[in-house]
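Heads up: the sequence shown begins at 31 in my numbering, then just goes up one per residue. Beta carbons: idealized from backbone N, C-alpha and C, even for Gly. The structure presented is a predicted model; accordingly, all values stated were derived computationally and were not measured.
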Amino acid sequence: MKNIFFLTLFLLIAGTSFSQVPDCINYQTVVRDNSGELIKNTPISLKFSILKNSATGQEQYSETHAVTTNEFGIVNLKIGRGSTLSGSFESINWGTSSYFLKIYLDANGGSNYTEMGASEMVSVPYSFFAGSIYVHYSNDTLYIGDQWVYIPSGGNGSTGNNVVDYDGNTYGTIVIGTQTWLSENLKSTHYSDGTIIDGCYNYNNNSSYGEDYGKLYTWDAAMRNASPSTSTPSGVQGACPSGYHLPSINEFQTLKDYVSSVYGGGSIIGKALKEPGTNYWETGNGTNETNFGARGAGQMYIQSNAPQYQYIKENAYFWSTTQLSTNANQAMWFKFYDSGTVTTNAGTNKTNGISVRCIKD
Numbered sequence: 031m032k033n034i035f036f037l038t039l040f041l042l043i044a045g046t047s048f049s050q051v052p053d054c055i056n057y058q059t060v061v062r063d064n065s066g067e068l069i070k071n072t073p074i075s076l077k078f079s080i081l082k083n084s085a086t087g088q089e090q091y092s093e094t095h096a097v098t099t100n101e102f103g104i105v106n107l108k109i110g111r112g113s114t115l116s117g118s119f120e121s122i123n124w125g126t127s128s129y130f131l132k133i134y135l136d137a138n139g140g141s142n143y144t145e146m147g148a149s150e151m152v153s154v155p156y157s158f159f160a161g162s163i164y165v166h167y168s169n170d171t172l173y174i175g176d177q178w179v180y181i182p183s184g185g186n187g188s189t190g191n192n193v194v195d196y197d198g199n200t201y202g203t204i205v206i207g208t209q210t211w212l213s214e215n216l217k218s219t220h221y222s223d224g225t226i227i228d229g230c231y232n233y234n235n236n237s238s239y240g241e242d243y244g245k246l247y248t249w250d251a252a253m254r255n256a257s258p259s260t261s262t263p264s265g266v267q268g269a270c271p272s273g274y275h276l277p278s279i280n281e282f283q284t285l286k287d288y289v290s291s292v293y294g295g296g297s298i299i300g301k302a303l304k305e306p307g308t309n310y311w312e313t314g315n316g317t318n319e320t321n322f323g324a325r326g327a328g329q330m331y332i333q334s335n336a337p338q339y340q341y342i343k344e345n346a347y348f349w350s351t352t353q354l355s356t357n358a359n360q361a362m363w364f365k366f367y368d369s370g371t372v373t374t375n376a377g378t379n380k381t382n383g384i385s386v387r388c389i390k391d
């Protein structure tokens, strides 16, 4: 039998709210053989044991999962929702001891498990224990247990893990490598100081497209007429909410390089950044493993002094702050196709309307 090893990507708490103890742990891993090759599209069996105080401590809970690796050798599952072998996941008292997670694998999908090792669940007990603490927010005051902190209303900008633009649109945030991005395309029709953005469009003049895919902006509108930049960070807030800015082409290249190093090169980069399914793309090959959630928003272009629209669900384009060096009338974009192919070395006319994705300062 081949030696198998894991590269764990994420181990985090899943739950419905602060006031309830989470009932599972999201677990994602890449499975490779001893030559480093991905084990793709293969049914496997996993067993998890949660041990108290040490890697050889008393078993508190164990369960099994029958899963199939995807085309990238990745499996996703929720510890706490498998087939229980012993104990009760819900009864574990995370706040009183340290806990270790031991993993077993049968690469043939049976029950002939091989131990793959154990590691301490460093942050998990504290996160679970926090679920039992009373947390409440009222009248600009956050109460945590018997403590409180005053948080004055700040208007636009960051609110916890959310960012709010001038129009009141709320965006989640995602961390990819060293960068923090908004999790959706920009939808605002105003700059952060309330000035109306001139050069902002809905695809096909349909507001529902603007809500689902984000607005389409000309380069001048996205930049707010700032000077071009290749810096990291770009230093250009442009149309982005306070605390965020329009990325330079080098910042997009950083994103591309990181995704390539973690998930693989070529079209896999685009697939890892794309929404899955066919709601926002012609083909459903997106995996969105990065949670970037790119959608094929298409573009606007001017013909006979009137806006025209094309490539919805086919291409995604994102403005950078970087001007195309060979043509002052063009700016560089981060673009990928329905296939997942990605490019950062080309551009388009500044009068075209394409998407804006903001990155944290």
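What three-state label does DSSP hand residue 284 in the structure shown?
helix
Status (buried if at least 16 other CB within 10 Å, exposed otherwise) for residue 278:
buried
Simplified DSSP assignment, three categories, for residue 251:
helix
Opening and closing residue of the alpha helix (DSSP H) in which residue 303 lies
297-303
What would DSSP say about residue 377, mapped onto helix, strand or coil?
strand
Here's the rule: buried if 16 or more other CB atoms are within 10 angstroms of the residue's CB, otherwise exposed. What is residue 108?
exposed
Which ranges does the beta strand (DSSP E) cover as unbroken runs of at least 3 residues, wholly within the stretch 204-236, from first to last along the chain?
209-212
By Cβ distance below 7 Å, which residues in the same chain neighbour residue 186 in space, the five residues on each side in sequence not counted?
Residue placement at residue 186 is flagged as unreliable, the pLDDT there being 37, under the threshold of 50; a coordinate-derived value is accordingly withheld.
Helix, strand or coil at residue 119 according to DSSP, with G and I counted as helix:
helix
Let me confirm a value: residue 183 is counted as buried when at least 16 other C-beta atoms fall within 10 Å, else exposed. Which label applies?
With a pLDDT of only 39 at residue 183, under 50, the local geometry of the prediction cannot be trusted, and no value is derived from it.
Is there contact here, the stretch 355-363 with the stretch 200-215, by at least three beta-carbon pairs under 8 Å?
no
Contacting residues, own chain, Cβ-Cβ under 8 Å from residue 87 (five flanking each side not counted)
81, 130
Which residues bound the beta strand (DSSP E) around residue 82?
73-82
Between residue 264 and chain C, is the shortest Cβ-Cβ distance under 8 Å, so that the two count as touching?
Absent from the structure is chain C; it holds one protein chain and no more.
Whole-number beta carbon distance between residue 284 and residue 302, since they are thought to touch under 8 Å:
Actually they are not in contact, since the Cβ atoms of residue 302 and residue 284 sit about 15 Å apart, beyond 8 Å.
Beta-carbon separation of residue 327 and residue 385 under 8 Å?
yes
Could you tell me the distance, in whole angstroms, from the CA atom of residue 96 to the CA atom of residue 240?
41 Å
Identify which residue in 268, 261, 262 has its Cα closest to the Cα of residue 247.
268
What span of residues does the beta strand (DSSP E) with residue 88 cover, start to end?
Unbroken run through residue 88: none, as it is neither H nor E.
Collapsed DSSP secondary structure at residue 278 in the structure displayed:
coil
State buried or exposed for residue 200, treating a residue as buried only when at least 16 other CB atoms are found within 10 Å of its CB.
exposed
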